[in-house]
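Residue numbers (the numbering used here): 77 to 462. All C-beta atoms in this analysis are idealised placements derived from N, C-alpha and C, irrespective of residue type, glycine included.
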């Protein structure tokens with residue numbers, strides 16, 4: 077049953093509290109758990125003694141907020157903007173948010189047509205620096221597009237930098253994405269992303285804890301990150317300095333026992349220093365979509381083995397490859413010298429040398445043997461550039 081079918085007072089009481097209690101306020105969450113939504117609202121309206129865990133000064137501030145709240149107007153404004161209110165107990169409520177305990181949102185304002193609960197079941201957060209590099213933007217967009225193509229919902233915060241690149245990557249792939257805002261969902265922030273957030277609302281979902289018209293604050297950004305972490309199966313951090321807010325998302329994911337992943341960057345980049353600290357701890361290094369899906373996906377969704385290209389010499393039998401490796405890089409060598417280096421009998425070495433000559437790897441010069449140009453290049457490729 078939708079909360080819109082519940083008695084008006086129950087719905088309006090919860091909406092009123094979104095004006096009074098700040099997101100992530102565990103003291104307020106404990107009141108709701110102990111006294112119920114209606115009980116907390118009655119205490120606020122009566123303006124009596126402060127409940128446990130709050131000073132008289134702060135309680136007076138909360139009472140003043142409650143007096144100024146207009147839940148019917150908020151609900152009407154939300155409906156006019158195509159926004160619905162989803163709360164614990166609603167059919168659309170993502171149960172994984174209950175892992176936040178008393179810091180659980182009082183409810184979520186949701187803009188967009190898809191069902192939030194179903195989308196959240198197969199979702200991954202991609203977050204990172206606002207002032208990201210081209211590398212960071214490329215990795216965020218590539219990961220998001222790949223996840224979207226494999227049926228995953230990409231969740232981020234709608235901010236500049238990595239967040240925006242992740243949303244655009246998912247949208248560009250025709251996939252699903254969710255923006256979790258630290259303000260009212262009818263007031264896109266940052267303003268430079270108004271068009272992007274509008275596009276997300278049309279193709280995906282825009283959600284937030286704050287009622288219509290509310291503006292973001294530094295603390296609201298940090299507290300918003302716990303919703304991103306709780307909503308998803310795992311969090312990927314793409315570029316983050318030591319003091320990046322995206323690290324708060326990663327830490328929340330770790331506390332909630334969600335998968336925490338990091339994309340490595342240059343050791344000289346300050347924008348990757350925070351990610352590298354995560355990777356020194358419990359976070360898992362990921363470099364592509366396969367790595368991410370192996371962690372957050374179902375059993376059997378394994379990343380492919382990482383191997384370099386197959387070289388022609390890789391197809392040789394081990395004994396022939398051993399004789400080939402025994403030839404000097406320059407000049408010739410006799411069969412006895414080659415046999416000793418290959419740790420085999422001279423007759424066996426001669427047989428392998430004729431086999432290698434037929435394949436174009438060696439050539440005979442008098443009584444000695446030497447590598448052909450093809451073989452020299454093959455050995456260099458096998459050893460790499462170092």
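Item checked: DSSP three-state assignment for residue 321, whether helix, strand or coil -> coil
Note to self: By alpha-carbon positions, which one of 264, 202, 179, 234 ends up nearest to residue 219?
What the structure shows: 202
Next item on the list: May I have the straight-line CA-CA distance separating residue 304 from residue 166, to the nearest angstrom?
Entry: 19 Å
Margin query: Can you look up residue 335 in the DSSP assignment and give me helix, strand or coil?
Written below: strand
Next item on the list: Determine the closest residue to residue 224 out of 235, 295, 195, with distance taken between C-alpha atoms.
Entry: 195
Check: In chain order, what residues of the same chain lie with their CB nearer than 7 Å to the CB of residue 240, ignoring the 5 residues before and after it?
Finding: 269, 272
Checklist line | Buried versus exposed call for residue 428 [16 or more other C-beta atoms within 10 Å across all chains shown] | finding: buried
Notebook entry, point to check: Given residue 326, which residues of its chain have a CB within under 6 Å of its CB, disregarding the five upstream and five downstream residues?
Noted result: 311, 313, 336, 354
Checklist line | Other residues of its chain near residue 245: CB distance less than 6 Å, five sequence neighbours each side excluded | finding: 217, 220, 221
Check: Which class does residue 435 belong to by DSSP, given the choice of helix, strand or coil?
Finding: coil
Note to self: Residues in the same chain with beta-carbon distance under 7 Å from residue 107, minus the five sequence neighbours each way, listed in chain order, please.
What the structure shows: 116, 127
Margin query: Please return the same chain residues whose Cβ sits closer than 8 Å to the Cβ of residue 85, not counting the five positions on each side in sequence.
Written below: 114
Next item on the list: Identify, in the order they occur along the chain, each residue of the same chain with its Cβ nearer than 7 Å to the Cβ of residue 92, setting aside the five sequence neighbours on each side.
Entry: 117, 142, 145, 147
Next item on the list: Flag this pair as yes or no: are the beta carbons of residue 418 and residue 438 separated by less than 8 Å?
Entry: no
Checklist line | Straight-line gap, residue 352 to residue 238 (C-alpha atoms, nearest Å) | finding: 17 Å
Next item on the list: Assess, as a yes-or-no matter, whether the segment 247-261 is touched by the segment 285-299 under the definition of 3 or more beta carbon pairs within less than 8 Å.
Entry: yes
Note to self: Within a Cβ cutoff of 7 Å, which residues of the same chain sit near residue 135, ignoring the five residues on either side of it in sequence?
What the structure shows: 126
Check: Taking C-beta to C-beta, are residue 200 and residue 360 nearer than 8 Å?
Finding: no
Margin query: Output needed for residue 323: all residues of its chain with C-beta closer than 6 Å, excluding positions within five of it in sequence on either side, in chain order.
Written below: 316, 350
Checklist line | Three-way DSSP call (helix, strand, coil) for residue 160 in this model | finding: strand
Note to self: Are the CB atoms of residue 139 and residue 123 within a distance shorter than 8 Å?
What the structure shows: yes
Next item on the list: State buried or exposed for residue 318, treating a residue as buried only when at least 16 other CB atoms are found within 10 Å of its CB.
Entry: exposed
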